[in-house]
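Right, one structure below, let's go through it.
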Amino acid sequence: MPQLIRWMFHDHLRHGMVLGTAGCEVVTLWRPPGSVHEHASLTPPALVRFIAMLGTAVLRAERADRMIGKHLPKGERQFYLRMAGVRPDRQGQGLGGLAIRAGLAEADAAGLPAVLETATESNVGLYRSMGFELIDTWPVARKGPTFWTMARPVPFR
1 MPQLIRWMFH DHLRHGMVLG TAGCEVVTLW RPPGSVHEHA SLTPPALVRF IAMLGTAVLR
61 AERADRMIGK HLPKGERQFY LRMAGVRPDR QGQGLGGLAI RAGLAEADAA GLPAVLETAT
121 ESNVGLYRSM GFELIDTWPV ARKGPTFWTM ARPVPFR
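Numbering (UniProt numbering), first residue to last: 1 to 157.
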C-alpha cells in the first residue's frame, strides 16, 4: 500500500491538488474540474507497475476504481475529494477538517460543488457536518465493502 499511496500522491501533484500540513500530519488529494474522471492509462508498463504494487489485488483495485467512477456524479464541473488521511497520532485534533475545508474553499471560490466517496460509515456524519449530502450507497462487489457517495452543493452567496 505505501507504493500505491506514493503513486497517488505524485499523480495528484501532476493532475490534481494536494492539500495538507507541512509535516504531512494530514494530506488530502483533490481532483479539480477537468480531471475528476481522469485515469492513468493502463499501458503495459503501467500494468506491470500496478501488479508490482498490488499483486493479485490489482483486479479488486481495478473493480473498485471502476465502480467509484460509475457512482460519482457525471461531468467535470466539480471538485472531487479522492482521499483524506490523518496520521494516527494526530487524529481527533481537527486537522482533517481543516484540510478538507481548504479544498472546499477552492470549490466555493470557483462556484462549484464538491463530491467524494467514503468506505468508512463513521465518516458520513463528519462529511454531513461540512455540508455534504448522501447521494448513493453501494457495494463494490457482492461481498465487497460498502461505499457512500456524497456531494456538497455550491453554497449560497
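Virtual Cβ for every residue (Gly too), placed ideally from N, Cα, C. Since the model is a prediction, treat every value here as computed from it, not as a measurement.
Distance CB(residue i)-CB(residue j) smaller than 9 Å
i                : j             : result
histidine 10     : serine 35     : no
phenylalanine 79 : valine 115    : yes
leucine 19       : tryptophan 30 : yes
aspartate 136    : histidine 39  : no
alanine 119      : proline 145   : yes
Contact set for residue i: own chain, Cβ-Cβ below 8 Å, skip 5 residues either direction
i           : result
residue 159 : Nothing can be reported for residue 159: it is not among the residues displayed for the chain, which extend from 1 to 157.
Nearest-angstrom Cα separation, counted from residue j out to residue i
i              : j           : result
alanine 84     : proline 32  : 15 Å
residue 246    : valine 27   : This structure gives no information on residue 246, because the portion of the chain shown stretches from 1 to 157.
serine 122     : valine 58   : 27 Å
tryptophan 148 : leucine 134 : 7 Å
proline 113    : arginine 82 : 14 Å
glutamate 25   : arginine 6  : 15 Å
7 Å Cβ shell around residue i - same chain, five flanking residues per side excluded
i          : result
leucine 54 : Leu4 and Ala61
valine 140 : Arg63, Ala64, Met67 and Phe147
Contacting residues, own chain, Cβ-Cβ under 6 Å from residue i (five flanking each side not counted)
i             : result
isoleucine 68 : Glu117
arginine 90   : Glu25
methionine 17 : Trp30 and Pro32
Three CB pairs or more closer than 8 Å across the region 125-133 and the region 91-111: The region 125-133 is in contact with the region 91-111.
Three-pair Cβ contact test at 8 Å for the region 100-108 versus the region 147-155: As far as the Cβ criterion goes, the region 100-108 touches the region 147-155, which means the pair count is three or higher.
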